[in-house]
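Per UniProt numbering, the sequence shown starts with residue 1, numbered consecutively.
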Amino acid sequence: RIALARALLPAPDLLTLDATTAAGDAGTEAEINTALGRYADNEHMLLVIARRRSTLQLADRIVVLDKGRVVDIGTQAELDARCPTFRSLMSGEGDFLALAPAEQRALWPTTQAVKSDDAHERQPPAGKGFVDRMTRVPERAVQMALAGHGRQVSSLLTPVAWMFVIAALLIALDSAAGVGVLVLLQRGIDSGVAAGDMSTIGICALLALCLVAIGWCCYALQTIFAARAAESVQHTVRLRSFSHLLRLSLPWHEKHIDSRLTRMTVDVDSLARFLQNGLASAATSIVTMVAIAAAMFWLDPILALTALSAVPVVMLATWIYRRLSSPAYAQARLEIGKVNSTLQEKVSGMRVVQSHGQQKQEAARLRALSDNFRATRVRAQKYLAVYFPFLTFCTEAAYAAVLLIGATRVAGGEMTPGILAAFFLLLGQFYGPVQQLSGIVDSWQQATASGKHINALLATEETENIEPSSITPGTGGALRLEALTFRYPEKTQPVLDKLSLTIPPGTVVAVGGRRGVGKSPRSKLLAGL
């Protein structure tokens, strides 16, 4: 009825109905046909595809089709007098026309499937080398996901935790190698350049080259381990979420239409993107900052305190930024869920949208939803626009303080020029990770919001369904309902009240009744049980 109302309200010049009224009960169909009989006039035309005799009463003229061709055209009385095909159709039982089974192949010939240029057969791995072994998802992780173990995303990290540990150790070695290069630079300046000792300069340069090579190897291996761990987590989280969705009840799916697609796509991708890029970068930045801070205090404690004086201010600014931006990121997550669900609904129902001429209305609806998401993201970016420049200001202020105090101490003979040069390089490598961490905060905020929604999904209680493997094949038996009562959560009166029904095996049962008597709930309950 709603679909018919949507089609009738714009009053199109030509309205085509393909057995639409037959979806209701007989009484409702009679009312609809009566109303449709008043639709056609000098300005409006109604074309009805009929499968019942009652529908023919709407027509001023009837077109009889057979095998895609027009057999005859006329009124019902004229066709009944001269058209054998029409009389054959009218010989059906009850209100239905005697329609022969359609030969679909004649109406819609099968076409050869077109294969896109970029489509290809999945080829087995060419070798069993190091790269192949490193890119394989751990079997334990897949089994955990399919078996439904783990109600938290953190539990799915267990099979790949050793990869993250190895990546963290490699990050520490890479950071230590980088700090070692700067320490060798200070030694080369003070013991080599200042004293004119070329052998010392050569030894420092050779050792620095070795440390650079070690750092490169550590970085390459760390990237491989972090990427494999992140992709494995993404794979297992998606499998675990989908397998959990399959175990949830139909009412849950009907209630959460807007968020299902987002949790399987945007949330999983945000989490995986942070684990692969953000987490590794954050770990690298933290380890680098700790190593550089230790090297600063080892070279000169006073200058180290000067260089690190901006850290408390940066931490306070980060805390304030998180408090302000977290609600905006959570709201953006809800808005993108609405956008995705609308896209999914309208793309799958494109035929309905176009047949009702609703293209402009649906485009306006999506534009409004997308604009809400844009406004929410812009609000979060405003906080980011203040946060980042403030971090840059703190870094530049630390440079100025180190230059002022360091130059004064060098002039007074309290510190060597090599230490001051090393401090400037260390300071750049210390506040560089600080700014990098601030950039990772955005990805971390999105991953945190996504992780909470995935955890909420996995925490939803599953429906207790009978596994197909537990049913003995070939066993007979009747289907029996005993005092089945059902009430919707928002209603006070039950839809089904102590319904008892026994259906013998091999029986076809038709359930009839007016609208609202519980036909659909009974069918859904039987399907769920």
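Positions of the beta carbon are idealized from the N, C-alpha and C atoms, including for glycine.
Taking residue i as part of the beta strand (DSSP E), name the residues at either end of that continuous run.
| i | result |
| --- | --- |
| M90 | It is not in any beta strand (DSSP E) - M90 carries neither H nor E in the DSSP assignment. |
| V517 | That residue, V517, is in no beta strand (DSSP E); it is neither H nor E in DSSP. |
| L334 | L334 -> not in any beta strand (DSSP E); alpha helix (DSSP H) instead, spanning V311 to S348. |
| L15 | L14 to D18 |
| A483 | L479 to F486 |
| L56 | Here L56 belongs to no beta strand (DSSP E); instead the alpha helix (DSSP H) covers R53 to L56. |
Output the boundary residues of the alpha helix (DSSP H) element that contains residue i.
| i | result |
| --- | --- |
| F388 | Q359 to A411 |
| D80 | Q76 to R82 |
| F225 | M198 to R247 |
| I302 | P301 to A307 |
| L8 | I2 to L8 |
Do residue i and residue j have their C-beta atoms closer together than 7 Å?
| i | j | result |
| --- | --- | --- |
| L479 | I503 | yes |
| L182 | L425 | yes |
| M296 | A310 | no |
| W444 | G278 | yes |
| F486 | P521 | yes |
| D267 | I454 | yes |
| I62 | A19 | no |
| A205 | Q234 | no |
| V71 | T85 | yes |
| V353 | E362 | yes |
| A167 | F225 | yes |
| F388 | V339 | no |
| L209 | L170 | no |
| L14 | M45 | yes |
| A230 | L275 | yes |
| L526 | S500 | no |
| residue 532 | K519 | Residue 532 lies beyond the stretch modelled for the chain, which goes from 1 to 529, so this question has no answer here. |
| A328 | A368 | no |
| L79 | L89 | no |
| I189 | A411 | no |
| G451 | V153 | yes |
| L305 | F423 | no |
| A330 | A449 | yes |
According to DSSP, simplified to helix, strand and coil, what is residue i?
| i | result |
| --- | --- |
| T158 | helix |
| S443 | helix |
| K452 | helix |
| H120 | Reliability of the predicted coordinates at H120 is poor, the pLDDT of 44 falling under 50, and the value obtained from them is presented with this limitation in mind. Coil. |
| L65 | strand |
| T502 | strand |
| M45 | strand |
| D497 | strand |
| D60 | coil |
| V511 | coil |
| L526 | helix |
Checklist entry - Is the segment 209-216 close to the segment 169-178, with three or more CB pairs under 8 Å? => result yes
Checklist entry - Taking contact to mean at least 3 C-beta pairs separated by less than 8 Å, is the segment 414-433 in contact with the segment 288-308? => result yes
Checklist entry - Is it a yes or a no for the segment 404-420 touching the segment 312-319, going by three-plus beta-carbon pairs under 8 Å? => result no
Checklist entry - Do the segment 369-384 and the segment 33-47 touch if we need at least three Cβ pairs shorter than 8 Å? => result no
Item to check | Cβ pair count under 8 Å reaching 3, the segment 408-423 against the segment 324-338 | outcome: no
Next on the checklist: Taking 8 Å as the cut-off, does the segment 337-347 touch the segment 4-18 (at least 3 CB pairs, one atom from each stretch)?
Outcome noted: no
Checklist entry - Three or more C-beta pairs closer than 8 Å, one from the segment 388-400 and one from the segment 237-247: is that the case here? => result no
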